[in-house]
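Numbering (my numbering), first residue to last: 5 to 110.
Cβ coordinates follow ideal geometry from the N, Cα and C atoms, glycine included.
Beneath this line is the structure, given in C-alpha cells, with notes to follow.
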Ligand code: SF4
Ligand code: F3S
C-alpha cells in the first residue's frame, strides 16, 4: 500500500485523489489517508503530491512508520474523496514544517 504521511497535515492539497484508479482516499478535516486494503500499488498518486507526503509502504522514512497504522485506522471512519478541492488556506506556510501530527484533527 501507499501511505499519506506527516507533511499532508494542514496542507491537504488533494491533487492525489484525482489520479487514484480505485478511489481509495479518505478525507478528514486537515489530512487525507489511503485505505490499505483498497490501494492497488499503482504509484500514480506519489508524484502528484506537491508536499511529497505520499510514500510506498516499504519506502516509508523511519520517523513516518506510525502513519501506516494511522492511515488504516482513519480510512475506516473518514468519508471517501475523489475530486480535487482547494488546499487548506495556510497550506504553503505549513508545507515542510516537521512533526505536524499534534495538529491532526479527527
Ligand atoms: Fe490510489 Fe494508486 Fe495511490 Fe494506491 S498507489 S492510493 S491505488 S493512486
Ligand atoms: Fe495531502 Fe499531498 Fe494529497 S498534501 S491531500 S497527500 S496531494
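DSSP places residue 31 outside any alpha helix (DSSP H); the residue lies instead in the beta strand (DSSP E), whose first and last residues are 29–31. Taking the Cα positions, residue 90 is about 18 Å away from residue 24.
In chain order, 55, 57 place their CB closer than 6 Å to the CB of residue 11, counting only its own chain and leaving out the 5 sequence neighbours on each side.
In its chain, beyond the 5 residues on either side, 30, 37, 39 have a beta carbon closer than 6 Å to the beta carbon of residue 79.
Judged by DSSP in its simplified three-state form, residue 11 adopts helix. Excluding the 5 residues flanking it on each side, residue 65 has no same chain C-beta neighbour closer than 6 Å. Between residue 59 and residue 26, the C-beta gap is not smaller than 8 Å, which leaves the two residues out of contact. Remark: the shortest separation between the CB of residue 38 and any heavy atom of ligand 1 falls under 7 Å. In this structure, the C-beta of residue 55 stays at least 7 Å away from each heavy atom of ligand 1.
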